[in-house]
Amino acid sequence: MPLPKTPQRRFAKWSSKYVPDTVSARFSQVESEAKERAQEGLITYANLDFDMDPILDKYGIAGPDRAKYKAFARKVLREKLRITGKALDNVTLGLKSYFVTAYACDPTVLDEIIKAILGYLPTY
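Residue numbering for the sequence shown follows the numbering used here, beginning at 6 and increasing consecutively.
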């Protein structure tokens, strides 16, 4: 019978696993690669924000409403960087449906954002 993972057991494992010297050594080993990847990722997402501004301006989206459309754009880009093909289309359409339902986003604006990121508009 397996032992339950109580909070105390989890913390004990975490405490023994993450010794500061070990973590520091590991981070030192990958520091240059991590900085390079972080720089690349930051540039990609910063450019995305700049690319979305004209679309949001075109539809008169201002203030706090911009945040939900930029969040949608970031999620679509994240999926584009992870998956391709029909899987990407399905996830993108699912995200669109979610943002329309949960956040009352305009589907026309979301379609334009999708086209700007993917280069096409996926269909069911």
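We treat Cβ as the ideally placed atom computed from N, Cα and C, and that holds for glycine.
Every value quoted in this text rests on a predicted model; they were computed, and no experiment measured them.
Asked	Found
Under the three-state DSSP convention, the category residue 24 falls into	coil
At least three beta-carbon pairs within less than 8 Å, the segment 108-122 to the segment 76-85	yes
Where residue 98 sits in the DSSP three-state scheme	helix
Cβ-based burial, residue 47 [other Cβ within 10 Å; buried from 16]	exposed
Residue 66 at chain C interface by Cβ criterion, 7 Å	Note that chain C does not occur in the displayed structure, where there is just one protein chain.
Residue 36 versus residue 43: straight-line alpha-carbon distance, rounded	10 Å
Pairwise C-alpha distance: residue 17 and residue 33	25 Å
Inter-residue spacing [alpha-carbon to alpha-carbon] between residue 101 and residue 25	43 Å
Short Cβ contact (7 Å threshold) for residue 53 with residue 82	yes
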